[in-house]
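Working notes, structure below.
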Amino acid sequence: MKAVEDARIGLQQVYDALILGKERVVDRFLRQYKTSAFTERITASGETALMVAIKGGHGHIIKKLVSLTPPELLAFKEDFGNTALHVVAELDNVKTAQLLVNKNHELLNICNRREILPIHLAAMRGHREMTSYLFSVGMKDEIHSSLLKDADGEKLMFDLVAARFCDLALQLFYHNPELKMATDPITEVVVTENQTVAQVPSFAATQTVAPTGHAIVPVNHGEKHEKFNRLNFKRWQ
266 MKAVEDARIG LQQVYDALIL GKERVVDRFL RQYKTSAFTE RITASGETAL MVAIKGGHGH
326 IIKKLVSLTP PELLAFKEDF GNTALHVVAE LDNVKTAQLL VNKNHELLNI CNRREILPIH
386 LAAMRGHREM TSYLFSVGMK DEIHSSLLKD ADGEKLMFDL VAARFCDLAL QLFYHNPELK
446 MATDPITEVV VTENQTVAQV PSFAATQTVA PTGHAIVPVN HGEKHEKFNR LNFKRWQ
């Protein structure tokens with residue numbers, strides 16, 4: 266039995282253990298690989314043990330790996346530039362997102378190779394709870410947050426509107442009304458002076474009005490409303 270425990274564990278065994286939730290095998294991997302266990306590329310796309318564990322969904326293993334991983338190594342990227350926070354944003358795992366952000370707040374501002382932040386990914390997938398969480402923690406540090414800056418802010422605005430998260434789009438607009446908008450013939454948004462346009466049925470539940478009195482709601486071509494300003498959003502490639 267001792268010889269089996271001492272034998273070098275293979276990465277396929279590690280992958281299977283992470284997906285199936287076999288904690289003893291994971292513990293053996295951590296003992297044998299030591300600090301390199303946190304950066305070892307388990308899959309062909311360069312995913313780490315933590316990333317694979319997140320996909321496996323076994324909370325006890327995820328918590329163990331997050332707690333043992335040094336904060337700076339949580340920012341380790343796979344081959345497409347995604348961090349562990351990108352993975353949880355894609356899968357809508359808010360509890361794990363909280364663990365990651367609490368240990369390394371900078372994960373919020375790290376883009377992948379396509380210049381996509383975790384919050385962009387969450388909004389693109391339509392994950393309301395995840396997007397709201399990442400937005401709330403990201404906005405706490407307005408000076409350093411990428412959510413309000415240039416291209417990242419512009420893309421976030423488009424993603425929020427495309428996902429119909431109009432209350433979050435309004436908050437972003439209120440904090441940075443200078444965000445540059447580009448033209449797109451498909452998606453239209455209206456910033457209005459009052460709440461009367463908010464009667465669009467599918468968006469009434471998320472309608473919010475800022476202290477300025479502005480509201481953001483999607484509209485269909487041909488609808489006539491009193492407009493304060495029309496903003497067109499460019500579909501991001």
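In this note's numbering, the protein residues as written are 266 to 502. In this text, a Cβ means the ideal position worked out from N, Cα and C, and glycines have one as well. Here the structure is a predicted model, which means the values were calculated and not measured.
CA-CA distance, residue i and residue j?
| i | j | result |
| --- | --- | --- |
| residue 355 | residue 288 | 24 Å |
| residue 338 | residue 304 | 7 Å |
| residue 344 | residue 311 | 5 Å |
| residue 276 | residue 295 | 12 Å |
| residue 395 | residue 358 | 7 Å |
| residue 285 | residue 307 | 15 Å |
| residue 274 | residue 373 | 33 Å |
| residue 378 | residue 342 | 10 Å |
| residue 371 | residue 399 | 12 Å |
| residue 427 | residue 416 | 16 Å |
| residue 268 | residue 420 | Because residue 268 sits at a pLDDT of 42, beneath the cut-off of 50, its placement in the model cannot be relied upon, and the following sentence gives the value as read from the coordinates. Answer to the nearest angstrom: the Cα atoms are 54 Å apart. |
| residue 314 | residue 375 | 19 Å |
| residue 327 | residue 425 | 29 Å |
| residue 329 | residue 348 | 17 Å |
| residue 300 | residue 316 | 16 Å |
| residue 453 | residue 298 | Since pLDDT at residue 453 reaches only 49, below the 50 mark, its modelled position is unreliable, and no value is offered. |
| residue 438 | residue 331 | 34 Å |
| residue 410 | residue 362 | 17 Å |
| residue 292 | residue 325 | 12 Å |
| residue 397 | residue 432 | 10 Å |
| residue 479 | residue 340 | Reliability of the predicted coordinates at residue 479 is poor, the pLDDT of 44 falling under 50, and the value obtained from them is presented with this limitation in mind. So the alpha carbons of these two residues sit roughly 38 Å apart. |
| residue 320 | residue 309 | 15 Å |
| residue 333 | residue 302 | 10 Å |
| residue 407 | residue 442 | 14 Å |
| residue 405 | residue 390 | 23 Å |
Relative to the C-alpha of residue i, which residue among the options is closest?
| i | options | result |
| --- | --- | --- |
| residue 385 | 353, 273, 369 and 405 | 353 |
| residue 318 | 438, 302 and 283 | 283 |
| residue 401 | 389, 380, 434 and 375 | 434 |
| residue 412 | 392, 369, 436 and 429 | 436 |
| residue 350 | 387, 323 and 391 | 387 |
| residue 430 | 392, 323, 414 and 315 | 392 |
| residue 335 | 376, 418, 278 and 365 | 365 |
| residue 381 | 422, 405, 369 and 404 | 422 |
| residue 290 | 298, 279, 299 and 324 | 279 |
| residue 367 | 443, 442 and 403 | 403 |
| residue 322 | 360, 440, 302 and 390 | 360 |
| residue 346 | 363, 333 and 383 | 383 |
| residue 414 | 444, 406 and 405 | 444 |
| residue 418 | 405, 440 and 302 | 440 |
Tell me the start and end of each unbroken alpha helix (DSSP H) in the region 367-420 that is at least 4 residues and wholly inside, in chain order.
383-389 and 393-403
Enumerated in chain order, which unbroken segments of the beta strand (DSSP E) with a length of 3 residues or greater are wholly contained in the region 293-381?
none
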